[in-house]
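Presented below is the structure to which this report refers.
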Amino acid sequence: MTNPVIHFEIGGRDLGQMTSFYSELFGRQLQPAGPEYSLVPAGPDGAGLLHQRPEAGA
642 MTNPVIHFEI GGRDLGQMTS FYSELFGRQL QPAGPEYSLV PAGPDGAGLL HQRPEAGA
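Positions 642 to 699 (the numbering used here) are the ones given, in order, by the sequence shown.
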């Protein structure tokens, strides 16, 4: 029995850097999902999300 990835989120301050890094790490093309998000395909029934966190104090 396997345990597929259903959902995950990773937050950071620089969406462009995160998108480049995780595209290379996962070996997959990430898809823009709005100005502050990138979608990470994770199999037929799952997905991940990179999101840009606001600056501290914002």
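Ideal Cβ positions, reconstructed from N, Cα and C, are used throughout, including at glycine.
For residue i, the first and last residue of its enclosing alpha helix (DSSP H)
i, result
"Glu665", "Leu656 to Phe667"
Proximal residues to residue i (C-beta, below 8 Å), its chain only, five neighbours per side dropped
i, result
"Ala688", "His648, Leu680, Val681 and Pro682"
Residue i (DSSP reduced to helix, strand or coil)
i, result
"Ala683", "coil"
"Gln693", "strand"
"Gly675", "coil"
Enclosing beta strand (DSSP E) for residue i [first to last residue]
i, result
"Ile651", "His648 to Gly653"
Within 9 Å, strictly: CB atoms of residue i and residue j
i, j, result
"Leu690", "Gly653", "no"
Own chain residues within Cβ distance below 6 Å of residue i, not counting five before or after
i, result
"Gln693", "Leu656 and Glu677"
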